[in-house]
Every structure is written in structure tokens, then in C-alpha cells.
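In our numbering, the protein residues as written are -13 to 571. Even glycine gets a Cβ: it sits at the ideal position worked out from N, Cα and C. Before any comments, here is the structure.
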């Protein structure tokens, strides 16, 4: 027994190392929403990500900044596999290993790696440990177990805030079922449940308390979200098999429609058959567990199936037409739910259920066979299915992720900017929040410039999705948007025709822009008109980047009347044209 338990951590450690090894060379791994840079600073104490940011900062004091994210990715795979094994393992080592493989190697995990949501995956990997602690607490509701459960709950929420409702739902569902199916001393249990809640809340007090007064980063971010976010980040269906089957197969991530990265579907044409196999085994395993399990097993069995059904229902979001009005209503009436604008994350609960029930179903099938000699072969074949369905996690995620360094020219430009002691903004072009960079193998990633350079960077924060262009309300950003609109379409952001030639040096000095960085990536040639202005001096120009200095910076500008916000949205009459911010808008 002890020996077999040692096999699992070694197996999943080796597997995780094989997955992450191609990324372990020196260099940064840049993905859609994860763009580490050499500069690592502490986040605001009121940030829900303060804990993870503090750990990353401490690592950066002793190791290069690119090391910690790789450790984090290794842990996400290792803990997911080993945690699920620890939760499900009883007597059959193969059943436990299969459970861990289903949970750690699947399309959901792959897409979240490529999306750069590694904190989500770390919380996902800790969830089986939370379930184990939950079982232990309700089996023996001691203060020690209460503290252990409260700490795990609090840490999961600190790692990834979205998991707060998931752990809360799992706790409540299991608690209710446990009280229904077993005899428990309610007073003692209630006292220790309060201890669990108190510990979890104290661990997250840094952002919870400011949020109550609307002063935290969480509350400020939520205030910018609207129903358009639900539409923009809704789950997507498969063109041939629809929405439900897509979600049950681990797909449905909104980014699939934009081809940000390779889909396993492009590699494995038989993916629907593999999904049907997994779904069928899980359904069979649920039925068998229900029939053969004792009354004491029912709380856990029903918790998993209820979580899976909730995950399937809510992960469909507004894309699931019968539920769309209900989802919109929840979004309008419960502001806290605005953070869950991208519901496909809840597919994680479906794979939790698969990992629990599929090995149970397979074990019953194998036990019913007459030829026992083929047992191991069947288990090994089943263990190969996760690798076959999601081979893209190997080989550096099918060659898409490679360690890279930022261009030497970026460091050169940064040193030029640092040598200037004036107080100014640096405008970064191309004007996209997400774009392809040559040095990052042309993979679409968030613009890392605001985190790389040591001077304040004015860059785009536009999503540029089909249904949601931007949440950005910064006056300086709107000014740039307006200037670009006039430059290209001869109309301002109100859609009014404007007979004005943008004077970029002068119009940028209005918002305190002294330098312009033009990275030679994506559609950078669209901005070559900047070279036509004598007031923009080239300070640096090489293969990767051009740095312009605004010679009009600091010069006296003819004052103008900035329009009031309500005038920008619903102007009663077209105001006379004036250069500067009013012209841009």
C-alpha cells in the first residue's frame, strides 16, 4: 500500500516534468493573458491577486523573473494529477492514476494554458485537495480539520478569485447532503463550520474589506463590466456537434473562434468518439457507484454529480438559449456575478466528475470480464486516452510555446527613457491590447509594454472582439482613439466628419506624451505616417522598434475647452472644431 502510494507522486511529477521541460530553457513564456517581464513589483494590498503577486515578487528577488511562472505551471499539472489520485485512490493503482490523468490532461486544461490563465489552473489543481479536506472535516469535525479546510479554502480563493463561488457551492452542497444522509452533532458541526468560514475570510481580508466599501481593485473592475461582456465572452458551440457536446468534451472557450492557438480538434479527428467514451464511462460509473455504494458514500457521489450538472448548465451561459434570460437576470441583479462573465471556466466541474466516475465505470467493466489477464492491458489502454485526446500538451504545447527574451532594442529604448527625468507619458503603437509579436513567434499575446518599460506607458486596452470593443474610459486613450479615427477616416469618435489634419506632435503634447514607441510588429506599417512629421524626432530605429521624441512636448499650447462627458455621448449640436482632445472625440 505504501509503495503504491509512492508511485503516484513520482508518476505525476515525471509527467509534469515531461510537459514543462521544453519550456524550462532560459527565457519568458508569453501566452494570451500571461506576459511576464523582467520587472516584478508588489501588487496593491487590496488586490485579490496580492498573495500570488507577493510569492512571485519574492521569487524574483533570488531568481530570474521567468522562472516562477514555469514552476507554477509544473505545480498546476502535478497537483491536479496527484490531488485527484489522492482523492480517488482506494485499492486499484490504475484507477487512481487514470483519475489523475483525466483531470490533468484534457482540452480544458490545454486551452487555459494557452490562454495564460495559469492561476486558474493552479486553483483547479488544488480543488481535489479541498474536496479531500471537506470529506475529512465532515467525517471528523474537529478544530484541527476545520483549520485545515479553512486554510485550503482561503488559499484557493487567493490563488484565483473565481473559485470562491465554486468552493462555496461545493461546501454547501456536501454539507446539506451529509446532514441528510448521516447523523451528526449539529451544534459541534455548526461551531466548526463557523471556524472554517472565519479562517477563509481572514485569509482574504486584504481585498474583502476594501470591496465592502467599493475601494478595492475587484469592485472597481466589476463596475466596468456589463451585459456586453456576457455576449463577448460567451461559450461557443462546435459547428458540427453543437454547444452541449462541445462543453462536455472540454471545449467551448470563447477564444476558439479567434484561432489564437491550435485546437486539439485539428490534430485528432476522432475526438468526438473519445468524448463519447469518457462520457459513457462516467455515466456508467455514476450508476454503479450509486447502486453499490453505501449510505455514507451518497453525499460525495451526489455532490460530484450535482456540481457537474451545475457546471454544464452554467458553463453554457447565455449561449444556452433556454437559460439566457435567467443568466442575464442574475447578471443584472447580483453585481458579484459580473466577474463570471466567461462561464466556460465551469467546465472544470465536469472534468472533476469524469475523473471521479470514469475509473469506477471502467473498473466494473473490467471486473466483469472472464479473462483477467487482459486487465492491466485494458487499464493501460484507458490511461492512454487522455494523451490521445490532448496530445498538444506535449512538445512545448505542439511547438507553440517557446522561451523567448525581449529584444535588445526594448532594453535600449528603456534605458533612453529612464535617462529622461521629465514627467511624461510614452505612447505605444501598434494600438492593440492583443497582438502578434515577432520575437514571440507571432503568437497572439497581451501587450507586455506597460509592464516592461519603467516609464508610464499609454497603450491600448481594447479587447477588439466581435461583440465588445473596449471598456477603456481613460481620457488619454480616447484622445488617441480619436486622433487615429481622424487620421484614417476623417471623422471623430462621435462619427462626425472632421476637416482637420492631425498635428501629431502638438496633439500628443496636450496629453503629456513625450515619446512614441513604434514596435515593428503586427500592423505597424499603418503608423508610418508618424515619420512625416518634423516635430517627431527619431531617437532610435532598428529591426524591432522605432522611438520618436515629441519636440512639441513642454511647449505652450493654445488652450481649448474640453467637452463635458455628457456632450461626448449625446451632443445637442456639433461644436466648433478645436484641436486637441475635443477634436479626437
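Asked                                                                                                                : Found
Exposure of residue -7, with buried meaning 16 or more beta-carbon neighbours within 10 Å                            : exposed
Alpha-carbon spacing of residue 42 relative to residue 23, whole angstroms                                           : 12 Å
N- and C-terminal bounds of the beta strand (DSSP E) containing residue 527                                          : 522 to 527
Own chain partners of residue 161 with C-beta closer than 8 Å, once the 5 adjacent residues on each side are dropped : 124, 179
From 21, 50, -1, 93, residue whose alpha carbon lies closest to that of residue 373                                  : 93
Residue 83 to residue 371 span [Cα, whole Å]                                                                         : 12 Å
Burial state of residue 391, where buried means 16 or more other Cβ atoms lie within 10 Å                            : exposed
Beta-bridge pairing of residue 228 - partner residues as DSSP gives them                                             : 224
Residue 502, enclosing alpha helix (DSSP H) - first and last residue                                                 : No alpha helix (DSSP H) holds residue 502; the beta strand (DSSP E) holding it covers 499 to 505.
Buried or exposed by the 16-neighbour rule on C-beta atoms within 10 Å, applied to residue 280                       : exposed
Reference residue 320; option with closest CA among 168, 208, 479                                                    : 208
Simplified DSSP assignment, three categories, for residue 420                                                        : strand
Meets three-Cβ-pair contact criterion under 8 Å: the stretch 99 to 109 and the stretch 1 to 21                       : yes
Collapsed DSSP secondary structure at residue 101 in the structure displayed                                         : coil
Cutoff 8 Å; reference residue 118; Cβ partners in own chain excluding five residues on either side                   : 69, 72, 73
Those residues which DSSP pairs with residue 20 across a bridge                                                      : 17
Whole-angstrom distance between residue 66 and residue 291, CA atom to CA atom                                       : 19 Å
Proximity below 8 Å, CB of residue 147 to CB of residue 34                                                           : yes
Short Cβ contact (8 Å threshold) for residue 305 with residue 451                                                    : no
Bridge partners - residue 390, DSSP secondary structure assignment                                                   : 14
Option in 525, 357, 157 with minimal Cα separation from residue 114                                                  : 157
Beta-carbon proximity of residue 503 to residue 414, cut-off 8 Å                                                     : yes
Whole-angstrom C-beta distance between residue 533 and residue 526, which should lie under 8 Å                       : 4 Å
Residue closest to residue -1, alpha-carbon to alpha-carbon, out of 60, 293, 468, 52                                 : 60
Where the alpha helix (DSSP H) containing residue 256 begins and where it ends                                       : Unbroken run through residue 256: none, as it is neither H nor E.
Which listed residue (36, 227, 355) has its alpha carbon closest to that of residue 193                              : 36
Contact belief for residue 465 with residue 497 at Cβ below 8 Å, rounded distance in angstroms                       : 5 Å
Exposure of residue 62, with buried meaning 16 or more beta-carbon neighbours within 10 Å                            : buried
Through-space distance from residue 140 to residue 522, alpha-carbon basis                                           : 52 Å
Closest by C-alpha distance to residue 530, when choosing among 397, 478, 463                                        : 397
Own chain partners of residue 347 with C-beta closer than 7 Å, once the 5 adjacent residues on each side are dropped : 267, 268, 270, 271, 274
Short Cβ contact (8 Å threshold) for residue 31 with residue 45                                                      : no
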